[in-house]
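Q: Going by the numbering used here, the residue at position 96 of the sequence shown is 156; the numbering climbs one at a time, nothing skipped.
All residues carry an ideal CB built from backbone N, CA and C; glycine is no exception.
As the structure is a computational prediction, the values presented were derived from the model and not from experiment.
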Amino acid sequence: MKNRQLLHAIFVLGVLFAGISYAQTSALSSALSGLCAAVNGLVPVAAMLMVLLASVIYAAGQMMGAETRARANVWATSCLTGAIVGILIATIAPQVLQVMNGGSSIHC
Numbered sequence: 061m062k063n064r065q066l067l068h069a070i071f072v073l074g075v076l077f078a079g080i081s082y083a084q085t086s087a088l089s090s091a092l093s094g095l096c097a098a099v100n101g102l103v104p105v106a107a108m109l110m111v112l113l114a115s116v117i118y119a120a121g122q123m124m125g126a127e128t129r130a131r132a133n134v135w136a137t138s139c140l141t142g143a144i145v146g147i148l149i150a151t152i153a154p155q156v157l158q159v160m161n162g163g164s165s166i167h168c
């Protein structure tokens, strides 16, 4: 049993070292740049759509009964919270991705 565990550990370390030796930092940099561009292109649009959806839900809820109005207020608040989180993600993501890239700049 010990020999099997030792062989397994050696295999895992060998795969790890092989992965490190063949890793390409340019591929990582281009992937992070693509992710940054996608985040900056998609998340602000989604956040604005969530603000619009929150306003529609709130307005529709005001025309309904008391219970539906209360639920609509909760849903609208959730949409606004999601929009704020999305805007924060879009604002912070380039700096976080730059740190993940080792400090070199990322072209978004």
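Whole angstroms are fine: how far does the CA of M110 sit from the CA of L88?
A: Approximately 32 Å, taken between the alpha carbons.
Q: Give the secondary structure of H68 by DSSP, where H, G and I count as helix, E and B as strand, and everything else as coil.
A: Helix.
Q: How about I149 and W135: do their beta carbons lie closer than 7 Å?
A: Against a cut-off of 7 Å, the Cβ pair of W135 and I149 comes out as no contact.
Q: Taking only three categories from DSSP, how would you classify C139?
A: Residue state, collapsed to three classes: helix.
Q: Does DSSP put I147 in a helix, in a strand, or in coil?
A: I147: helix per DSSP, three-state reduction.
Q: At which residue ranges does the region 84-127 contain complete beta strand (DSSP E) runs of 3 or more residues, listed in the order of the chain?
A: Counting only runs of 3 or more, we get nothing.
Q: Grouping DSSP H, G and I as helix and E and B as strand, with all else coil, what is G74?
A: Helix at G74.
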